[in-house]
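Everything on this sheet refers to the single structure shown next.
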Amino acid sequence: MKTTMDPPVHLALPLDEPESPLDCGVCAALVEQRGEAADRGDLSRVTDLNVEIRNHHSARRKRRKA
Ligand SMILES: [Zn+2]
Numbered sequence: 006m007k008t009t010m011d012p013p014v015h016l017a018l019p020l021d022e023p024e025s026p027l028d029c030g031v032c033a034a035l036v037e038q039r040g041e042a043a044d045r046g047d048l049s050r051v052t053d054l055n056v057e058i059r060n061h062h063s064a065r066r067k068r069r070k071a
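Residue numbering for the sequence shown follows this note's numbering, beginning at 6 and increasing consecutively.
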C-alpha cells in the first residue's frame, strides 16, 4: 500500500510549517516541541506536531482529546 502524499523526508525541514497563533498557548507549546524534535532530527515527530498545530484551528469537527 502506498499513499499519494509522501512527505519530503529528505529535506532538513518541512516546507509547510504552520504558524501558531500568538494567543494560543497550546500551539505555542507544540511549536516549542517541534523545535526540539527538529533539533534531534526527529522529522516524523516534527510532521506530527505540524499536523497537530494545523488541526488545532482548522479541523474543528475532528477534535481529539489530548
Ligand atoms: Zn492552537
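Quick reminder that beta carbons are idealized off the backbone N, C-alpha and C, glycines included.
For clarity, every value in this text was computed on a predicted model and none was experimentally measured.
Just to check my reading of the structure: residue i and residue j have Cβ atoms closer than 8 Å, yes? What is that Cβ distance to the nearest angstrom?
i: GLN38; j: LEU54; result: 6 Å
What are the boundary residues of the alpha helix (DSSP H) that residue i is part of?
i: ASP44; result: 30 to 45
i: THR52; result: 48 to 63
Around ligand 1, what residues have a beta-carbon under 5 Å from a heavy atom of it, in chain order? Here the residues close to ligand 1, judged by CB distance below 5 Å to any of its heavy atoms, are CYS29, VAL31, CYS32, HIS61 in chain order.
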